[in-house]
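Novice: Below is one structure. I have some questions about it.
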Amino acid sequence: EPEVTQTPSHQVTQMGQEVILRCVPISNHLYFYWYRQILGQKVEFLVSFYNNEISEKSEIFDDQFSVERPDGSNFTLKIRSTKLEDSAMYFCARQGVGEQYFGPGTRLTVT
Amino acid sequence: GIQVEQSPPDLILQEGANSTLRCNFSDSVNNLQWFHQNPWGQLINLFYIPSGTKQNGRLSATTVATERYSLLYISSSQTTDSGVYFCAVAVGGYQKVTFGTGTKLQVIP
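Quick mapping for you: the protein sequence lines, in order, are chains A and B. Our numbering numbers the first residue of the first sequence as 1 and each following residue consecutively. Our numbering numbers the first residue of the second sequence as 1 and each following residue consecutively.
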């Protein structure tokens with residue numbers, strides 16, 4: 001049983017468009033993370049989110065990105081104006097007791 | 001930040017063979033995980049092992065925290081073991097994890 005689900009599984013968008021990626025935890029947790037993986041590369045940290053606030057963000061997480069938990073359940077990552085280099089797999093993860101559990105990912109393709 | 005290196009980068013095995021994957025990290029860690037990334041891109045948790053040894057079927061892992069390395073053993077490999085294996089570490093509790101560059105494993109029949 002997945003710890004988190006993510007929607008959509010695959011999104012294709014045109015450069016300059018806004019996209020919203022969603023993460024739905026199975027149960028109520030406070031710590032969440034977003035990571036991304038450009039094809040063929042390692043997984044990179046984007047941002048951590050605790051109790052509805054950003055607790056840490058990487059250099060990648062610039063003003064084009066934002067995160068929120070609008071309804072207290074779904075956890076979203078928004079990219080305001082997508083660029084070709086935003087094409088990647090985006091993973092949501094939740095914090096367990098020690099380990100992190102990753103969702104199945106959203107594959108974003110920017111054309 | 002912490003550096004995580006994995007070796008070998010690529011590995012080709014005959015079905016039934018055994019293998020050892022290595023993860024070196026540059027600082028003390030509170031969290032070390034091994035993942036298998038399947039052909040669909042999903043990250044499957046294999047082990048949470050900041051120290052000590054664990055076994056799960058044909059897979060086992062050992063982390064020697066004082067020497068800053070971890071090993072993942074795969075015995076009697078199967079074609080379904082193919083994919084990329086990542087280790088990921090965190091230096092504190094409830095912290096981001098930093099991934100290594102991965103070992104791409106191909107098991108051929």
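Note that the Cβ used here is the ideal one computed from N, Cα and C, for glycine as well. Just so you know, these numbers come straight off a predicted model, no measurement behind them.
Which first and last residues belong to the beta strand (DSSP E) in which A:R36 is found?
Specialist: Along the first sequence, read from residue 1 onward, the residue named residue 36 of chain A stands at position 36. Note, A:R36: beta strand (DSSP E), Y31 to Q37.
Novice: Would A:V12 pass as an interface residue toward chain B - the criterion being a Cβ-Cβ separation below 9 Å?
Specialist: Here residue 12 of chain A corresponds to residue number 12 of the first sequence, with the count starting at 1. No, its Cβ sits nowhere closer than 9 Å to a Cβ of chain B.
Novice: Who are the Cβ neighbours of B:I44 in its own chain at under 8 Å, not counting the five residues just before and after it?
Specialist: Here residue 44 of chain B refers to the residue found at position 44 when the second sequence is read from its first residue. Closer than 8 Å at Cβ, skipping near neighbours: F35, H36, Q37 and N38.
Novice: How is the beta strand (DSSP E) around B:T52 delimited, first residue to last?
Specialist: Looking up residue 52 of chain B in the second sequence gives position 52. For the record, residue 52 of chain B in the displayed sequence is Gly; it is not Thr. Note, B:G52: beta strand (DSSP E), G52 to N56.
Novice: Please classify A:A88: does DSSP put it in a helix, a strand, or coil?
Specialist: What you label residue 88 of chain A is simply residue 88 of the first sequence in a count that begins at 1. Here A:A88 sits in strand by DSSP.
Novice: Within 10 angstroms of its Cβ, does A:M15 collect 16 or more other Cβ (buried), or is it exposed?
Specialist: As a position in the first sequence, residue 15 of chain A is number 15, starting the count at 1. Per the 10 Å Cβ criterion, exposed.
Novice: Under a Cβ-count criterion, where at least 16 other Cβ atoms within 10 Å of its own Cβ denotes burial, should B:T53 be classed as buried or exposed?
Specialist: Along the second sequence, one-based indexing puts residue 53 of chain B at 53. Counting Cβ neighbours within 10 Å, B:T53 comes out exposed, since fewer than 16 surround it.
Novice: So, using beta-carbon positions, are A:S87 and A:I38 closer together than 9 Å?
Specialist: Counting from 1 along the first sequence, the entry for residue 87 of chain A is found at position 87. Counting from 1 along the first sequence, the entry for residue 38 of chain A is found at position 38. Going by C-beta atoms, A:S87 is nearer than 9 Å to A:I38.
Novice: Anyone know if the C-beta pair for B:V4 and B:G100 falls short of 9 Å?
Specialist: For the purposes of this step, residue 4 of chain B is taken as the residue at position 4 of the second sequence. For the purposes of this step, residue 100 of chain B is taken as the residue at position 100 of the second sequence. Taking 9 Å as the Cβ cut-off, B:V4 and B:G100 qualify as a contacting pair.
Novice: Using the C-alpha atoms, what's the distance from B:I2 back to A:E1?
Specialist: Sequence index remark: in the first sequence, residue 1 of chain A carries index 1 (1-based). Sequence index remark: in the second sequence, residue 2 of chain B carries index 2 (1-based). With a pLDDT of only 48 at A:E1, under 50, the local geometry of the prediction cannot be trusted, and the value read off the model is given with reservation. CA-CA distance, A:E1 to B:I2, rounds to 32 Å.
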